């Protein structure tokens with residue numbers, strides 16, 4: 001997740017999951033699990049615009 005428009009390929013970071021983010025996109029909702037520190041650093045709050053960038057091979061679909 002980013003506050004600015006992503007460029008290039010996504011980087012992989014390991015961390016303990018603490019926060020679940022739901023992105024209400026125009027097509028399909030996207031959920032991302034991030035660390036509490038990442039959420040604080042990005043100053044995330046409901047309604048804030050953010051961008052998601054990831055490699056297709058790292059995506060998982062849950063039903």
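In my numbering, the protein residues as written are 1 to 63.
Backbone N, C-alpha and C define an ideal beta-carbon position, used for all residues, glycine too.
None of the values given here were measured: they were computed from a predicted structure.
Each of 47, 27, 5 was checked against the Cα of residue 21, and the nearest Cα belongs to 47. Exposure of residue 50 is indicated by the presence of fewer than 16 other C-beta atoms within 10 angstroms of its C-beta. For residue 36, the enclosing alpha helix (DSSP H) stretches over residues 36-41. Beta-carbon to beta-carbon, residue 23 and residue 32 are separated by about 7 Å, close enough to satisfy the 8 Å threshold. Taking C-beta atoms under 8 Å as the contact rule, residue 30 and residue 52 qualify, at a distance of about 6 Å.
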